[in-house]
Amino acid sequence: MSEATELLAQLAAPGLTLTRTLGTIEALEKQLSNPRRIKLGISANVSVDLLSVFLRKHALLAGVGADIVMGNHDDPLTDVDLFLAASVEQMIFLPFFDNLIPAFESCIELMSAEDIAAKEDDLRARWRLVFEHAKPMRQIYACAMHRTTTLVDMGVADSVDSVIDRLNAMLRKEAAVFANVRVVDTRSIVHEIGAEAAFDRRFYLRNTAPYATPFLNELARRVVLSARGFGGWFYKALVLDCDNTLWGGIIGEDLTNGIQLDPHSYPGRVFWRVQQEFLTLEQHGVLLCLCSKNNPQDVDEILEKHAFTVLRKEHLALRKVNWIDKVSNLRAISQELNIGLDSLVFIDDSDFECNAVRSALPMVRVFQVPNKTLSDYPRMVREIRELFLSGGVLADSRSKTAQYRQRQEAAEASMQFATHEEYLASLGIHVHLARDDVTSLARISELTQKSNQFNLTTLRQSPSDIQQRMNSERDTVYSLTVSDRFGNAGLTGVALVCFDGEVARVDAFLISCRVIGRSIEFCFWPHVAYDARCQGCHFIEAEYRPTAKNAQVADFYDRLGLPLISENNGVKHYRASLADFNPPTIDWINLTK
Numbered sequence: 261m262s263e264a265t266e267l268l269a270q271l272a273a274p275g276l277t278l279t280r281t282l283g284t285i286e287a288l289e290k291q292l293s294n295p296r297r298i299k300l301g302i303s304a305n306v307s308v309d310l311l312s313v314f315l316r317k318h319a320l321l322a323g324v325g326a327d328i329v330m331g332n333h334d335d336p337l338t339d340v341d342l343f344l345a346a347s348v349e350q351m352i353f354l355p356f357f358d359n360l361i362p363a364f365e366s367c368i369e370l371m372s373a374e375d376i377a378a379k380e381d382d383l384r385a386r387w388r389l390v391f392e393h394a395k396p397m398r399q400i401y402a403c404a405m406h407r408t409t410t411l412v413d414m415g416v417a418d419s420v421d422s423v424i425d426r427l428n429a430m431l432r433k434e435a436a437v438f439a440n441v442r443v444v445d446t447r448s449i450v451h452e453i454g455a456e457a458a459f460d461r462r463f464y465l466r467n468t469a470p471y472a473t474p475f476l477n478e479l480a481r482r483v484v485l486s487a488r489g490f491g492g493w494f495y496k497a498l499v500l501d502c503d504n505t506l507w508g509g510i511i512g513e514d515l516t517n518g519i520q521l522d523p524h525s526y527p528g529r530v531f532w533r534v535q536q537e538f539l540t541l542e543q544h545g546v547l548l549c550l551c552s553k554n555n556p557q558d559v560d561e562i563l564e565k566h567a568f569t570v571l572r573k574e575h576l577a578l579r580k581v582n583w584i585d586k587v588s589n590l591r592a593i594s595q596e597l598n599i600g601l602d603s604l605v606f607i608d609d610s611d612f613e614c615n616a617v618r619s620a621l622p623m624v625r626v627f628q629v630p631n632k633t634l635s636d637y638p639r640m641v642r643e644i645r646e647l648f649l650s651g652g653v654l655a656d657s658r659s660k661t662a663q664y665r666q667r668q669e670a671a672e673a674s675m676q677f678a679t680h681e682e683y684l685a686s687l688g689i690h691v692h693l694a695r696d697d698v699t700s701l702a703r704i705s706e707l708t709q710k711s712n713q714f715n716l717t718t719l720r721q722s723p724s725d726i727q728q729r730m731n732s733e734r735d736t737v738y739s740l741t742v743s744d745r746f747g748n749a750g751l752t753g754v755a756l757v758c759f760d761g762e763v764a765r766v767d768a769f770l771i772s773c774r775v776i777g778r779s780i781e782f783c784f785w786p787h788v789a790y791d792a793r794c795q796g797c798h799f800i801e802a803e804y805r806p807t808a809k810n811a812q813v814a815d816f817y818d819r820l821g822l823p824l825i826s827e828n829n830g831v832k833h834y835r836a837s838l839a840d841f842n843p844p845t846i847d848w849i850n851l852t853k
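The working numbering puts the sequence shown at residues 261 to 853.
Shown next as structure tokens:
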């Protein structure tokens, strides 16, 4: 094990003192060779200097180096100016409520409805101004309000909670207007770790530093989760073992009636609960797969007939139930789903299997079922849930299993045709081309963040970046929504084009792996060329930037008909006169605008 790996394990261990945390962070930052770096700003109306330590910690655990810029106390607008001047990319905005209205929880009963409404209006105007001012930033993490005391009687209406509910609803409504603002639920942090662990009242009264280290550590962890490791991961599939992972016991020995899986008794209720969590993930767009050394008919019997199984065949995108080694099966799952191995999360109960995968496939995120403390299993699954969902879930991303099943059906249907072109013509492919569709802004950003194989430049764009392009007179954001007789694949293609003087420059072009192989990538370029001529352009330029995952599109612009002008370190530059640009015609695609 390398020194850096040992330091990362030490940094991730619970109970590390603040002094050792700082020392480990500094040692790691020296050890890691060229980690990606992110510049973060912290704007708060109380002292939260230690938050910078924990942001650096959790960023390093995600493989990112974080440079922190602290704002001025209680002046968020000045903070935004400071951050923009310092090229800060993302900001944590933490307005401690008890500092906005001193001793709020004590004096709330003395405030009139008019006073509370006036304060709400004041905060709304202030926060709207901050968010508007911070539009150029890629992301803002706005922390919700929370109480600092414990509610004693849940049966009694509580004025503090009522006002906080009202103001948090207002904050969420304001944040929804801005593509780059995400609300962090600090209230649940206080609930989870407890008020006594979250706050240090002595330091608050003496130094306006209310938060204790457990709160700041958890807040930093949630910010990094919400940012998906600042682009360090985008997990798409959860691969599950079966025995002692989906149920207690071994199906080959205990048989269907002997396994432990039910909502009423231990340990069966543990497995029943985690299956509920897995199903929720599937409904939110996570692809569930099985990877188990078992007889397939035994596993199928449980999926089809067991009274208390939550997961059924229709919830699973792929089932690799056989006696092949799990490393090979995981490679096959990656290939068949057409996603990277680094998009997989794997759960197994076996030390041997987990270590084999970690050793052979270090890019796969591996979790081991806590056999000795099985009651911790649901908590571990909730951590996995956070990896998939903390970055947000969009309608186009929900329940992808059906879409992958459609792809399998389409692959089977293709065998009936003499040529691939005949098969494509039979599909009834329809593509809707949209320009600057604000309603799809979040989905477009998501695609730029997670598409790798068919991505010419791998330009990652935040919702704020996309919004700025849509608002620009020089830029057009093209989006492609694809459907055929097997179903609707959703918004699965994006092109970002800048019309700059006499040149139309393609900054990014990508399509989802869901629709690769249908010539979708060729069908809309005549419309881009038409728009370019309308903008007064005479040339079109594009480039291919190689990555570890996009080799399959290295010659795409050649096939599109763009002449190669130069190549340097694998980066290819293309340029053509619009008068000479004649992209291929795709007869089997019906394109509408």
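Beta carbons are placed, not taken as given, at the ideal position from N, Cα and C, and that holds for glycine.
With the cut-off set at 8 angstroms, would you say residue i and residue j are in Cβ contact?
{"i": "Ile511", "j": "Asp558", "result": "yes"}
{"i": "Cys856", "j": "Leu578", "result": "In the structure as shown, the chain starts at 261 and stops at 853, and residue 856 therefore has no counterpart that could be examined."}
{"i": "Asn712", "j": "Gly600", "result": "yes"}
{"i": "Leu476", "j": "Phe314", "result": "yes"}
{"i": "Ile400", "j": "Asn428", "result": "no"}
{"i": "His406", "j": "Ile424", "result": "yes"}
{"i": "Arg695", "j": "Thr736", "result": "yes"}
{"i": "Ile800", "j": "Phe841", "result": "yes"}
{"i": "His566", "j": "Thr505", "result": "no"}
{"i": "Ala487", "j": "Arg447", "result": "no"}
{"i": "Asp602", "j": "Met623", "result": "yes"}
{"i": "Pro556", "j": "Val587", "result": "no"}
{"i": "Arg296", "j": "Gly323", "result": "yes"}
{"i": "Lys317", "j": "Ala458", "result": "no"}
According to DSSP, simplified to helix, strand and coil, what is residue i?
{"i": "His333", "result": "coil"}
{"i": "Cys794", "result": "helix"}
{"i": "Asn748", "result": "strand"}
{"i": "Asn615", "result": "helix"}
{"i": "Trp507", "result": "strand"}
{"i": "Met371", "result": "coil"}
{"i": "Tyr495", "result": "coil"}
{"i": "Phe627", "result": "strand"}
{"i": "Ile519", "result": "coil"}
{"i": "Glu733", "result": "coil"}
{"i": "Leu719", "result": "coil"}
{"i": "Gly600", "result": "coil"}
{"i": "Leu824", "result": "strand"}
{"i": "Thr281", "result": "helix"}
{"i": "Phe677", "result": "coil"}
{"i": "Leu740", "result": "strand"}
{"i": "Asp339", "result": "helix"}
{"i": "Tyr401", "result": "strand"}
{"i": "Phe714", "result": "coil"}
{"i": "Val581", "result": "strand"}
{"i": "Tyr637", "result": "helix"}
{"i": "Tyr471", "result": "strand"}
Within a Cβ cutoff of 6 angstroms, which residues of the same chain sit near residue i, ignoring the five residues on either side of it in sequence?
{"i": "His833", "result": "Glu803, Ile825 and Ser826"}
{"i": "Ile849", "result": "Ile689, Val691 and Cys783"}
{"i": "Ile846", "result": "Ser779, Phe782 and Cys783"}
{"i": "Met414", "result": "A caution first: Met414 carries a pLDDT of 49, below 50, which makes its placement in the model too unreliable to give a value."}
{"i": "Ala685", "result": "Trp848"}
With DSSP as the reference, please indicate the residues paired to residue i in a beta bridge.
{"i": "Ile849", "result": "Ile689"}
{"i": "Phe799", "result": "Val763 and Ser837"}
{"i": "Leu300", "result": "Ile328 and Gln350"}
{"i": "Lys395", "result": "The partner list for Lys395 (beta bridge, DSSP) is empty, contrary to what the question assumes."}
{"i": "Ile771", "result": "Gly753"}
{"i": "Leu548", "result": "Leu498 and Leu576"}
{"i": "Ala694", "result": "Ser739"}
{"i": "Val831", "result": "Asn828"}
{"i": "Asp608", "result": "Gln628"}
{"i": "Tyr804", "result": "Lys832"}
Suppose the cutoff is 7 angstroms on Cβ atoms and the five residues either side in sequence are ignored; what does the same chain contact list for residue i look like?
{"i": "Leu536", "result": "According to the sequence provided, residue 536 is Gln. The question's Leu does not apply to it. For Gln536, where only same-chain residues beyond five positions count, the Cβ hits under 7 angstroms are Val570."}
{"i": "Val306", "result": "Phe356, Asn359, Thr468, Ala469 and Pro470"}
{"i": "Ala655", "result": "At Ala655, the pLDDT of 49 sits below 50, so the modelled position is not reliable and the matter cannot be decided from this model."}
{"i": "Ser743", "result": "His690 and Ala749"}
Excluding the five sequence neighbours on either side, which residues of its own chain have a C-beta within less than 8 angstroms of the C-beta of residue i, listed in chain order?
{"i": "His798", "result": "Glu762, Val763, Ser837, Leu838 and Ala839"}
{"i": "Thr338", "result": "Gly331 and Asn332"}
{"i": "Leu278", "result": "Leu310, Val313 and Thr473"}
{"i": "Val416", "result": "With a pLDDT of only 46 at Val416, under the threshold of 50, the placement of this residue in the model should not be trusted, and no figure is reported."}
Taking 7 angstroms as the line, does the beta carbon of residue i fall inside it for any heavy atom of the ligand PLP?
{"i": "Pro362", "result": "You won't find the ligand PLP in this model; it holds no ligand whatsoever."}
May I have a chain-ordered list of the beta strand (DSSP E) segments no shorter than 3 residues that lie completely inside the segment 412 to 461?
-> 441 to 444
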